[in-house]
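For reference, the structure discussed in these notes is given below.
Listed below in structure tokens is the structure:
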């Protein structure tokens with residue numbers, strides 16, 4: 001899944017893990033492209049990856065752009081738009097931190113018993129929702145899930161879709177690499193049957209009492 005679909009995908013993974021049915025096929029893995037996993041829309045990357053233009057003082061006066069070129073609104077405006085989408089999706093802000101609606105807030109209980117298959121997060125380093133891949137990837141690794149997180153520097157929201165080009169231009173090199181990595185992950189998941197690892201990939205994530213952590217239990 002990508003973007004909003006990238007948020008629905010881990011919700012489905014968690015639901016199937018919590019409610020396994022005898023007739024349900026076993027998931028071998030999940031690929032999450034720029035997933036929107038936090039309905040509170042408050043991760044720090046909304047600010048430090050905000051789109052902006054930087055004016056050169058040299059001979060070339062053309063402004064450079066940094067941040068997310070897809071979402072160019074100021075941070076507060078972008079967050080407000082996301083919260084409007086939240087109303088359409090949830091209908092009630094009381095559910096914004098529910099693990100089903102916001103997989104970023106899922107904790108040890110949701111990832112227990114080794115039922116969650118390998119996960120592959122693909123995200124651009126310049127996205128405003130960068131944190132919505134980084135935080136859940138770290139948390140799931142802490143809880144013993146086989147996790148791969150690829151952050152592509154300078155890339156924007158759902159950049160792999162540009163693997164075949166942007167209009168008349170050539171395909172995006174980073175998108176080509178991401179698609180190859182996705183194919184490698186899918187092949188590995190199919191060969192290895194989605195078996196969970198025997199130990200956590202991250203032993204210590206946050207110092208005790210650090211606070212925050214978007215719902216991370218004590219590791």
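Numbering (the UniProt record's numbering), first residue to last: 1 to 219.
Quick reminder that beta carbons are idealized off the backbone N, C-alpha and C, glycines included.
Delimiting residues of the alpha helix (DSSP H) encompassing residue i
| i | result |
| --- | --- |
| residue 253 | Here the chain comprises residues numbered 1 to 219, so residue 253 is not present and cannot be evaluated. |
| residue 130 | From DSSP, residue 130 is part of no alpha helix (DSSP H); its letter is neither H nor E. |
| residue 148 | No alpha helix (DSSP H) holds residue 148; the beta strand (DSSP E) holding it covers 147 to 152. |
| residue 79 | 75 to 90 |
| residue 232 | This structure cannot speak to residue 232, because the chain is shown only from 1 to 219. |
| residue 227 | This structure gives no information on residue 227, because the portion of the chain shown stretches from 1 to 219. |
| residue 180 | 173 to 192 |
Contacts around residue i, its chain only, beta-carbon distance under 7 Å, and the 5 residues preceding and following it disregarded
| i | result |
| --- | --- |
| residue 123 | 34, 130, 133, 151 |
Residue i and residue j closer than 7 Å at C-beta
| i | j | result |
| --- | --- | --- |
| residue 1 | residue 37 | no |
| residue 155 | residue 173 | no |
| residue 39 | residue 126 | no |
| residue 32 | residue 105 | no |
| residue 158 | residue 119 | no |
| residue 9 | residue 30 | yes |
| residue 160 | residue 178 | yes |
Residue i - partner residues in DSSP beta bridges
| i | result |
| --- | --- |
| residue 30 | 119 |
| residue 2 | 33 |
Proximity to residue i [Cα-Cα], best of the options
| i | options | result |
| --- | --- | --- |
| residue 67 | 83, 88, 44, 89 | 44 |
| residue 111 | 143, 161, 136 | 143 |
| residue 71 | 88, 92, 17, 49 | 49 |
Cutoff 6 Å; reference residue i; Cβ partners in own chain excluding five residues on either side
| i | result |
| --- | --- |
| residue 198 | Any reading at residue 198 is ruled out, since the residue's pLDDT is 43, under 50, leaving its predicted position unreliable. |
| residue 182 | 31 |
8 Å CB neighbourhood of residue i in its chain, flanking five on each side removed
| i | result |
| --- | --- |
| residue 235 | Since the first and last residues shown for the chain are 1 and 219, residue 235 lies out of range. |
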